[in-house]
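Heads up, the thing below is written out as structure tokens.
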Amino acid sequence: MGVVSVKIAWERRGEGFPLVLVQGLGYARWGWEPVADALAERYEIVLLDNRGIGESDAPPGAYTAAEMAGDVLGVLDESGVDRAHVVGTSLGGMVAQELALTA
């Protein structure tokens, strides 16, 4: 597990091309457990708790998809990943779109 400026809890599993898994509103990284091990057989998966969820910090105020995309970029920088596929569910899909626009 690692941290970035807003403490974002994250972990890596597996080997292969990096695959970032971003959950939707109200779910921590454990929400990927039904598929995480299968994905880790082919990819190096990066799982994270979005800000305000799970073991990540919950700064006051509303969060934007752009801020959350910045959190994902911080995790990728911290973990040494410079390119990755990104999968998001619900709000995580919005975060993935922000990443595509800004990264």
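FYI, this note's numbering numbers position 98 of the sequence shown as 123, with every residue one higher than the one before it.
Ideal Cβ positions, reconstructed from N, Cα and C, are used throughout, including at glycine.
Alpha carbon of N75 to alpha carbon of E66, nearest angstrom:
24 Å
Between L116 and A91, what straight-line distance do the alpha-carbon atoms span, to the nearest angstrom?
11 Å
Between the Cα of R108 and the Cα atoms of T114, G41, P84, A83, which residue gives the shortest distance?
G41
Member of V60, T89, K32 whose CA lies at the smallest distance from the CA of V45:
V60
Quick check: E80 and R38, are their CB atoms within less than 9 Å of each other?
no
Pairwise C-alpha distance: G105 and T114
24 Å
Taking Cβ positions, are D96 and L73 nearer each other than 9 Å?
yes
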